[in-house]
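In terms of this note's numbering, the sequence shown has 633 at position 624, counting the first letter as 1, and numbering is strictly consecutive. Glycine included, C-beta positions come from ideal geometry on N, C-alpha and C. One structure below.
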Amino acid sequence: MVALTAFLSRNLTALKVADMLGRSVFVAVLLVILPCFAAGLSADEAQQQKFFESRIRPLLIERCYQCHGPDEASGKLRLDLKSGWEKGGERGPAIVRGNPADSLLIRAVSGADPELSMPPADSGPPLTPAQREDLAVWIRQGAFDPRDGQQTLNPIETAARTHWAFQPVQPPQIEPGQHPVDFLIDKQLQSAGYTPTPPADIRTLVRRATFDLLGLPPTPRQLTTTADDFPRLIQELLASSAYGERWGRHWLDIARYSDAKDGVLMYGDARIRPFAWTYRDYVIKAFNDDLPYPQFIREQLAADRLGLPADAPQLAALGLLTLGRMFDRNKHDVIDDQIDVVGRGFLGLTLACARCHDHKFDPVPTADYYSLYGVFASCSEPLERPRIGTITETGAAYEKEFSEKLKQVRDQELAHYQATLKLARERTADYLVHVVTTAPDVSETAIFFLSLVPDQLRPQITRRWRQTIARRAFPDDPVFGPWHDLLKDASLRPDDWMARGADPRIVTALVTAAPTNPTEVAKVYGQVLRAAWESGADESDPLVALLVSREGPVWFPQEDTTFYLDRTPGDAFRGLVGELDAIPVRHPKAAPRAMVVADNSVLTDPVIFQRGDPVLRGNPVPRQFLTALTPDRQPFADGAGRLDLANAIASDRNPLTARVWVNRVWMHHFGEPLVESPGDFGLQTKTPLQLPLLDFLADWFIRHGWRTKSLHELIMTSKAWQRSSILA
Numbered sequence: 010m011v012a013l014t015a016f017l018s019r020n021l022t023a024l025k026v027a028d029m030l031g032r033s034v035f036v037a038v039l040l041v042i043l044p045c046f047a048a049g050l051s052a053d054e055a056q057q058q059k060f061f062e063s064r065i066r067p068l069l070i071e072r073c074y075q076c077h078g079p080d081e082a083s084g085k086l087r088l089d090l091k092s093g094w095e096k097g098g099e100r101g102p103a104i105v106r107g108n109p110a111d112s113l114l115i116r117a118v119s120g121a122d123p124e125l126s127m128p129p130a131d132s133g134p135p136l137t138p139a140q141r142e143d144l145a146v147w148i149r150q151g152a153f154d155p156r157d158g159q160q161t162l163n164p165i166e167t168a169a170r171t172h173w174a175f176q177p178v179q180p181p182q183i184e185p186g187q188h189p190v191d192f193l194i195d196k197q198l199q200s201a202g203y204t205p206t207p208p209a210d211i212r213t214l215v216r217r218a219t220f221d222l223l224g225l226p227p228t229p230r231q232l233t234t235t236a237d238d239f240p241r242l243i244q245e246l247l248a249s250s251a252y253g254e255r256w257g258r259h260w261l262d263i264a265r266y267s268d269a270k271d272g273v274l275m276y277g278d279a280r281i282r283p284f285a286w287t288y289r290d291y292v293i294k295a296f297n298d299d300l301p302y303p304q305f306i307r308e309q310l311a312a313d314r315l316g317l318p319a320d321a322p323q324l325a326a327l328g329l330l331t332l333g334r335m336f337d338r339n340k341h342d343v344i345d346d347q348i349d350v351v352g353r354g355f356l357g358l359t360l361a362c363a364r365c366h367d368h369k370f371d372p373v374p375t376a377d378y379y380s381l382y383g384v385f386a387s388c389s390e391p392l393e394r395p396r397i398g399t400i401t402e403t404g405a406a407y408e409k410e411f412s413e414k415l416k417q418v419r420d421q422e423l424a425h426y427q428a429t430l431k432l433a434r435e436r437t438a439d440y441l442v443h444v445v446t447t448a449p450d451v452s453e454t455a456i457f458f459l460s461l462v463p464d465q466l467r468p469q470i471t472r473r474w475r476q477t478i479a480r481r482a483f484p485d486d487p488v489f490g491p492w493h494d495l496l497k498d499a500s501l502r503p504d505d506w507m508a509r510g511a512d513p514r515i516v517t518a519l520v521t522a523a524p525t526n527p528t529e530v531a532k533v534y535g536q537v538l539r540a541a542w543e544s545g546a547d548e549s550d551p552l553v554a555l556l557v558s559r560e561g562p563v564w565f566p567q568e569d570t571t572f573y574l575d576r577t578p579g580d581a582f583r584g585l586v587g588e589l590d591a592i593p594v595r596h597p598k599a600a601p602r603a604m605v606v607a608d609n610s611v612l613t614d615p616v617i618f619q620r621g622d623p624v625l626r627g628n629p630v631p632r633q634f635l636t637a638l639t640p641d642r643q644p645f646a647d648g649a650g651r652l653d654l655a656n657a658i659a660s661d662r663n664p665l666t667a668r669v670w671v672n673r674v675w676m677h678h679f680g681e682p683l684v685e686s687p688g689d690f691g692l693q694t695k696t697p698l699q700l701p702l703l704d705f706l707a708d709w710f711i712r713h714g715w716r717t718k719s720l721h722e723l724i725m726t727s728k729a730w731q732r733s734s735i736l737a
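What follows is the structure, given as structure tokens:
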């Protein structure tokens, strides 16, 4: 018995090694050790073990481990461990024992859910029917799996559980009668054996205060301030309109504000940002009004979702999302920039580092990045921005010229849209033939900058045809049931099709044409579908619905028209749109408009872009907040999710938001932050020397209504801020 145990132990190790080396080595080892495994099992277990080792494990190694193994767990799902599929990924357990139909694994490999289709197209052909059947049999029999081992937290997740920045704010106790800032700093100085420098003279403090709060030297009157009047001077400076200009500039640096477009090379763009100044003025006013910081966050991310009037000046806050770099209109890079400014600006996290892979240093999986990607991909800038000011007599000329140009743009967009849809419906047969005669092309997943030529099929429509057929090509489908049969066997079975409820027009056309190969089948379907559409019937006709309904493959929202145009008309149309932004330059007295975003009519359901490549589409992910900050998170429910995102960032329970902002305020008062990297509170950032002070300030800031002006007063009335900068 001892010898058998040792032999099994040695061969179990060999099995694991073979698992890593690949299928050929694995099978060779398998032939040696299978009899030994069977020796200690019941007859039924031995049979299941044999089936798993001969059919299932090799299949998982060959087709699944690359994306769901020890090196990469896409969608947080691992299939190299039994505990991996039991726990499941972001969508839950991958397998329901005894029930293949309810198992996500079977849905993924069957193509029943296009957004969950596995393996990805770029990793090879789909599983064969025999392979899919093997998986179904395995699950139906209880999913016997002898693989041991448990999933463990990776080192980053382990470190994040104790990292100071991800812990709740823990304010220290302050002795009664002590200024909290001085109590905490003096305590640290005393423990290190240092003696504080003496206080600065009143003239120095006045200069320090005016430069800190206004960025300006003091006036002669202010220089006469006495020590007793100094608190009053602080309040006077905070009430000055110059305060918002000074501190608004600090925020505008974070928001990468610019009056001109950066990264625009094509279409003759004038590089003008019309009305960018409305965001600048909003920020200045927000600081002057001492707007609570959570509201400042909500307005900049989702002012349009707050129920404000259509002409509310707060809509200008959305300039945070519209005034970044343009990246030559590369949509993916624009969204990456939006994620980056939100992450570093509000949270002190470098979220953009998770675009191509899980963050190398912080607990931000790439799935979290694409959850946020879906939020910003679901909104865009409208052609007509909301007016947030009164039209003056001198500004009326702008309104007239803009309205005329906007009508020209919209008329041309509608004409392009209708022509593109009409041509796509007329070419239904061409699309279907292309689907059955070609493999998926990487261009089919692109959502920008396709350089299309006349007569070229639109790749995006081809992709949706593939998805529709994958979803509906089953025996009982009234339209694609015969398609399913004929692509496997060219035999005509009209009686059987009619008995299963197939559309009579499809059956009649197939019997008449008697197609003998997939191309001929596709042509027959294309002719029947086009004839139904041209008959003038409405969407209640299932054949017409395929070509005209919003759920069908031949539909896209009108605002996406530019992505479907041939290069020449597409460039001309984008140039026409660019002319809208040049009009305000000729009319400087135009009524102000807000640089807003708005939710798209069709929201983006994000998927992970493998290695950051938008043509390599991986697992779907919901629009939701970060894993590390919300363990019990739920998908965003309000439109694209911008307001949900803002609320999650602005929550009192978020350990980062208040810490990040008070650290920035402290930095601008003292020249050095408490946390050495203001935009990165991740695992690479050391615990600040004055963490108790940071946490006290964050807690105090929250308890006092998130008011920045109150925070200034707290800091500037401390002995620490008022000390001399001259060493004794």
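- With respect to the C-alpha of Glu-681, the residue from Glu-722, Trp-730, Arg-662, Leu-723 having the closest C-alpha is Trp-730.
- Following the DSSP letters along the chain, one finds Gly-627 inside the beta strand (DSSP E) bounded by residues 626-629.
- Between the stretch 371-385 and the stretch 619-632 there are three or more C-beta pairs closer than 8 angstroms, enough to call the two in contact.
- Exposed is the label assigned to Asn-108, since fewer than 16 other Cβ atoms lie within 10 Å of its Cβ.
- One alpha carbon belongs to Val-563, the other to Gln-75, and they sit about 34 angstroms apart.
- Ala-269 has Ile-281 as its beta-bridge partners, per DSSP.
- Taking a 10 Å sphere around the C-beta of Cys-362, we find 16 or more other C-beta atoms and assign the residue as buried.
- The C-alpha of Ile-470 lies about 16 angstroms from the C-alpha of Arg-539.
- For Ile-617, the enclosing beta strand (DSSP E) starts and ends at 616-618.
- In the DSSP assignment, Phe-296 falls within the unbroken alpha helix (DSSP H) covering 286-297.
- Looking only at Ser-126, Pro-67, Gln-244, Ala-518, the smallest Cα-Cα distance to Leu-720 is reached by Gln-244.
- DSSP assignment within the stretch 179-263 yields the following whole alpha helix (DSSP H) runs of 4 residues or more, N-terminal first: 189-201, 211-223, 239-247, 250-263.
- Residue state for Asp-575 is assigned as strand, using DSSP reduced to three classes.
- Nearest C-alpha to Pro-185 among Gln-179, Val-178, Leu-193: Leu-193.
- Contact annotation, Leu-552 with Val-537: C-beta distance approximately 7 angstroms; criterion of less than 8 angstroms satisfied.
- Within the stretch 398-446, no run of beta strand (DSSP E) at least 3 residues long lies entirely inside it.
- Boundaries for Lys-369: no alpha helix (DSSP H) harbours it, and the DSSP string shows neither H nor E there.
- Between the C-alpha atoms of Pro-207 and Ala-376 there is a straight-line separation of about 53 angstroms.
- At the C-beta level, Val-684 and Phe-710 stay beyond 8 angstroms of one another.
- Distance from Ile-293 to Gly-257 at the Cβ level is roughly 4 angstroms; contact confirmed, criterion being Cβ atoms closer than 8 angstroms.
- When the Cα atoms are used, Arg-475 and Val-444 turn out to be separated by approximately 6 angstroms.
- Per DSSP, reduced to three states, the secondary structure at Asp-143 is helical.
- Ala-522: member of the alpha helix (DSSP H) spanning 513-522, first to last residue.
- It is roughly 9 angstroms from the alpha-carbon of Ile-735 to the alpha-carbon of Ala-209.
- For Ala-236, the number of other beta carbons within 10 angstroms of its own is below 16, and it is reported as exposed.
- The count of Cβ pairs closer than 8 angstroms, one atom from the stretch 582-601 and one from the stretch 390-398, reaches three, so the stretches are in contact.
- Around Glu-254, the same chain offers Ile-293 as residues with beta carbons nearer than 6 angstroms, after the five sequence neighbours per side are excluded.
- Using a C-beta cut-off of 8 angstroms, the stretch 338-352 makes no contact with the stretch 637-645, since fewer than three inter-stretch Cβ pairs fall below that distance.
- Taking the C-beta atoms as reference points, Asp-157 is found no nearer than 8 angstroms to Ile-65.
- In the three-state reduction of the DSSP assignment, Gly-714 falls in the coil class, being assigned neither a helical nor a strand state.
- Between Leu-223 and Ala-251, the gap from beta carbon to beta carbon is short of 8 angstroms.
- When Lys-196, Val-611, Asp-647, Thr-167 are compared, the shortest CA-CA separation from Leu-698 is found for Lys-196.
- C-alpha of Thr-636 to C-alpha of Val-611: approximately 26 angstroms in a straight line.
- Where His-77 is concerned, the enclosing alpha helix (DSSP H) starts and stops at 74-77.
- Val-105 and Leu-69 have their C-alpha atoms roughly 17 angstroms apart.
- Taking a C-beta distance under 8 angstroms as the contact criterion, Leu-198 and Pro-189 do not qualify as a contact pair.
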